[in-house]
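> First residue of the sequence shown: 5, per our numbering; consecutive thereafter. Before anything else, here's the structure in question.
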Amino acid sequence: MAQLTLEVKVRSEIGGGRPRMLRREGLLPGVFYSRGEEPIPLTLNLEYIRKATGRLRENQIVSLEIDRDGKKFKKPAIVKEIQVDYLANALLHIDFQQIALDEKLTAMVPLISIGESIGVTRDGGILEHILREVEIECLPTDLPESIEVDVSELTVGATIHVSDITAIEGVEILTEPTLSIFALAAPITEEEVAPEEIEEEEAAAEGEGEGEEGEDAKTEG
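In structure tokens, the structure reads:
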């Protein structure tokens with residue numbers, strides 16, 4: 005993963021409606037967490053973060069250049085959570101967790117499909133995405149953005165499990181290996197109506213028509 009350097013400032017005022025006020029001032033509130041220490045509330049330049057969101061994502065490894073009262077120091081960190089208001093298309097908050105580049109960490113990584121399943125293209129089956137992410141353990145420098153799962157050979161009725169994921173050097177998958185990731189369901193078809201049922205329905209319709217004609221004749225008489 006490519007590393008970004010983010011300039012952040014320590015903020016002293018927290019709580020209440022302060023985060024909303026910060027966003028109005030063009031600043032994004034955030035928090036920096038580290039083991040054995042109190043969380044540090046931060047502010048980031050909102051415009052810069054907006055431009056960087058194409059590269060900045062959860063599980064991203066970054067270098068934080070922290071400004072505390074004019075004194076700057078750097079800390080390696082992982083982006084733990086980015087809060088977004090999708091209706092307003094607005095960034096709300098961002099959390100960072102300090103890491104050590106030589107120590108393994110655990111993270112949830114998304115699973116994405118690659119290839120077109122022959123069970124879909126040939127047989128009209130339906131690809132079901134069951135498990136969306138897996139937990140992994142690795143060094144920060146080996147942390148993948150996502151894990152690709154090849155579904156091209158998947159046929160109707162078949163399933164791909166966690167144990168089928170191609171091994172990635174330096175990455176250990178912690179998720180239960182028997183869990184299903186993708187399954188290919190049979191195509192949905194309209195139920196065929198038996199000829200006998202069609203004949204019965206037609207006969208019933210004819211009988212109703214004759215009954216109505218008979219009642220009309222009695223009325224006229």
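Where a beta carbon is used, it is the ideal one built from N, C-alpha and C, also for glycine. This structure is a prediction, so every number in the text was calculated from the model and none was measured.
Are there 16 or more other CB atoms within 10 angstroms of the CB of residue 128, so buried, or fewer, so exposed?
In the sequence shown, residue 128 corresponds to position 124, counting from 1. It is exposed - the Cβ of residue 128 has fewer than 16 other Cβ atoms within 10 Å.
> Just the Cα atoms here: how many angstroms apart are residue 158 and residue 173?
Against the sequence shown, residue 158 aligns to sequence position 154. Against the sequence shown, residue 173 aligns to sequence position 169. Looking at the two C-alpha atoms, the distance is approximately 25 angstroms.
> Distance, Cα to Cα, residue 29 vs residue 22?
Reading the sequence shown from its first residue, position 25 is the one you call residue 29. Reading the sequence shown from its first residue, position 18 is the one you call residue 22. Taking the straight line joining both Cα atoms gives about 11 angstroms.
> What do you reckon, are the CB atoms on residue 156 and residue 122 nearer than 9 angstroms?
In the sequence shown, the residue the question calls residue 156 occupies position 152. In the sequence shown, the residue the question calls residue 122 occupies position 118. Taking 9 angstroms as the Cβ cut-off, residue 156 and residue 122 qualify as a contacting pair.
> Where residue 24 and residue 60 are concerned, what is the direct C-alpha to C-alpha distance, given to the nearest angstrom?
What you label residue 24 is simply residue 20 of the sequence shown in a count that begins at 1. What you label residue 60 is simply residue 56 of the sequence shown in a count that begins at 1. Those two C-alpha atoms are separated by around 22 angstroms.
> Please list, in chain order, all residues of the same chain as residue 8 whose beta carbon is under 6 angstroms from its beta carbon, the five residues on each side excluded.
One-based indexing of the sequence shown puts residue 8 at position 4. 66.
> Is it right to say residue 74 is buried, meaning 16 or more other beta carbons lie within 10 angstroms of its own, or is it exposed?
For the purposes of this step, residue 74 is taken as the residue at position 70 of the sequence shown. Exposed.
> Would DSSP call residue 106 helix, strand or coil?
The count along the sequence shown starts at 1 and reaches residue 106 at position 102. Here residue 106 carries a coil assignment [DSSP, helix/strand/coil].
> Quick check: the region 97 to 111 against the region 71 to 85, are there 3 or more CB pairs under 8 angstroms?
yes
> Would you call the CB atoms of residue 191 and residue 150 closer than 9 angstroms?
Here the question's residue 191 lines up with position 187 in the sequence shown. Here the question's residue 150 lines up with position 146 in the sequence shown. Taking 9 angstroms as the Cβ cut-off, residue 191 and residue 150 do not qualify as a contacting pair.
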